[in-house]
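Note that the numbering used here has the sequence shown beginning at 12, numbered continuously upward.
Only one structure is covered here, and it is reproduced in the block below.
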Amino acid sequence: ATGLGVTRAPSGQATSFTVFCRDRFNNPRPATSLTILSAPDARVPIDLIIEDKGSGEFLVSYTAQSESGVVLLTVAIDGGKHIYNSPFPVFVAPGEALASQCEAAGRGLYRGGILQRCAFTIHARDAAGNHMQ
Numbered sequence: 012a013t014g015l016g017v018t019r020a021p022s023g024q025a026t027s028f029t030v031f032c033r034d035r036f037n038n039p040r041p042a043t044s045l046t047i048l049s050a051p052d053a054r055v056p057i058d059l060i061i062e063d064k065g066s067g068e069f070l071v072s073y074t075a076q077s078e079s080g081v082v083l084l085t086v087a088i089d090g091g092k093h094i095y096n097s098p099f100p101v102f103v104a105p106g107e108a109l110a111s112q113c114e115a116a117g118r119g120l121y122r123g124g125i126l127q128r129c130a131f132t133i134h135a136r137d138a139a140g141n142h143m144q
């Protein structure tokens, strides 16, 4: 498998990877099925779209919809045979900041005057409540 989706997935955003089924001589080999599973505890629900491109090539798109962290993505063909390097540790990164999830704190929010410096901190979060770095 190759592509960003086997190493990193932004929370709430689509990502993808491609699976190339090959025989021991590295020739394309058709596969009858492709199975994708997230971590056993289903901590990260994923919306999958699997497109069979033919000749053993599959395009897999998904959207990680949860908190950030590392999850295992298992990729298997033909009824459960793991592909090379499966399961893949995928880092789910925080998605884009969502204003309704963000908070501001500090004295600068309620103290200050004209031409005076005021300080406060914005705690940015994505739709799943993940802290932005």
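Even glycine gets a Cβ: it sits at the ideal position worked out from N, Cα and C.
Roughly how far, in whole angstroms, is the beta-carbon of residue i from the beta-carbon of residue j, given that I think they are within contact range, below 8 Å?
| i | j | result |
| --- | --- | --- |
| Ala-130 | Gly-119 | 5 Å |
| Asp-58 | Thr-74 | 5 Å |
| Ser-77 | Ala-104 | Not quite, the Cβ-Cβ distance comes to about 12 Å (not below 8 Å), so this is no contact. |
Please report whether the beta-carbon of residue i lies at a distance below 8 Å from any beta-carbon of chain D.
| i | result |
| --- | --- |
| Gly-106 | Checking the listed chains, one finds no chain D in this structure; it contains a single protein chain. |
I need the straight-line Cα distance from residue i to residue j, nearest angstrom please.
| i | j | result |
| --- | --- | --- |
| Thr-13 | Cys-113 | 35 Å |
| Ser-72 | Thr-132 | 36 Å |
| Ala-139 | Gly-123 | 33 Å |
| Thr-18 | Thr-29 | 12 Å |
| Leu-70 | Gln-24 | 16 Å |
Is residue i buried or exposed, if buried means 16 or more other CB atoms sit within 10 Å of its CB?
| i | result |
| --- | --- |
| Ile-26 | It is Thr, not Ile, that sits at residue 26 in the sequence shown. Buried, by the Cβ-count rule. |
| Asn-141 | buried |
Relative to the C-alpha of residue i, which residue among the options is closest?
| i | options | result |
| --- | --- | --- |
| Arg-40 | Cys-32, Thr-46, Ile-94 | Cys-32 |
| Leu-83 | Gln-144, Gly-91, Asn-96 | Asn-96 |
| Asn-37 | Glu-62, Ser-66, Pro-98 | Ser-66 |
Runs of 3 residues minimum, wholly inside the stretch 94-139: which ones carry the beta strand (DSSP E) assignment? Counting only runs that start and end inside the stretch 94-139, the beta strand (DSSP E) elements of at least 3 residues fall at 99-104, 114-116, 132-134.
Could you tell me which uninterrupted beta strand (DSSP E) segments, each at least 3 residues in length, are contained entirely in the stretch 55-79, listed from first to last along the chain? You should have 57-65, 68-75.
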